[in-house]
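Take a look at the structure below.
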Amino acid sequence: MIEVIVAPENRKQELWELYQDYAEELSQYDGEKRRRGSYHYPYFDFYWQDERRTPFLILYDHEPIGFCLLQDAGINYRIDEFYILPVQRQRGFGRMALEHIRDYCRMLGRHGTLSANVYVNNERALKFWQSVGFKDTGRRSRVKDLRLIEAEMHLEEATEKEKQENR
Numbered sequence: 109m110i111e112v113i114v115a116p117e118n119r120k121q122e123l124w125e126l127y128q129d130y131a132e133e134l135s136q137y138d139g140e141k142r143r144r145g146s147y148h149y150p151y152f153d154f155y156w157q158d159e160r161r162t163p164f165l166i167l168y169d170h171e172p173i174g175f176c177l178l179q180d181a182g183i184n185y186r187i188d189e190f191y192i193l194p195v196q197r198q199r200g201f202g203r204m205a206l207e208h209i210r211d212y213c214r215m216l217g218r219h220g221t222l223s224a225n226v227y228v229n230n231e232r233a234l235k236f237w238q239s240v241g242f243k244d245t246g247r248r249s250r251v252k253d254l255r256l257i258e259a260e261m262h263l264e265e266a267t268e269k270e271k272q273e274n275r
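Below is the structure:
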């Protein structure tokens, strides 16, 4: 069973180490190959300082296997970063973690959508986001020379879909 917790300050280093793995894996899509441990994320500390940001640690048997960095972007909730260790994928942990994040956003109740951006060339990630209920908005953005697809989930639509599945 997995557990998703708001990462306390004393577990920040564990999340940072997972972030390094995540950044190294993403480098195959952004072309910025660096030594492990040398990735920089200027907003990382803000997740423990800014009340609009929430760092989640995803645990399996009390061990960290992933994370989610969530932000209240003013008009919606946005997943800035999401990661599950490769060895723990294809086990439903990402889906379970996102259910928790979605429920957390519903509990906050400020916005009706949850969004995420995905590299256009990261087909595996695109399939994952679609499989958990995110839809392509048709909007595109760029980071450096890379195109990103914006995907979002309407929180109330997810509730209706769940009701139908539980019938």
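Take any residue in the sequence shown, note its place counting from 1, add 108, and you have its number in my numbering. Glycine included, every Cβ here is placed at the ideal spot set by N, Cα and C.
- Taking the C-beta atoms as reference points, M261 is found nearer than 9 Å to R210.
- With fewer than 16 other Cβ atoms from the protein chains shown falling within 10 Å of its own Cβ, I183 counts as exposed.
- In this structure, the CA atom of L165 is about 13 Å from the CA atom of Y130.
- I257 places its beta carbon less than 9 Å from that of V228.
- Taking C-alpha positions only, L193 is separated from P150 by approximately 22 Å.
- A distance of 9 Å or more separates the beta carbons of Y127 and N230.
- The Cβ atoms of G174 and F201 sit closer than 9 Å to each other.
- By the Cβ neighbour-count rule, L216 is exposed, with fewer than 16 other Cβ atoms within 10 Å of its own.
- At a Cβ-Cβ threshold of 9 Å, I113 and L177 do not count as neighbours.
- For I209, no beta strand (DSSP E) run applies; the uninterrupted alpha helix (DSSP H) run containing it begins and ends at F201 to L216, by DSSP.
- DSSP, read as helix, strand or coil, puts F152 in helix.
- Annotation for F190: the continuous beta strand (DSSP E) segment containing it runs Y185 to I192.
- Rounded to the nearest angstrom, the gap between the Cα atoms of R160 and C213 is 12 Å.
- For N230, the secondary structure class from DSSP, reduced to helix, strand or coil, is coil.
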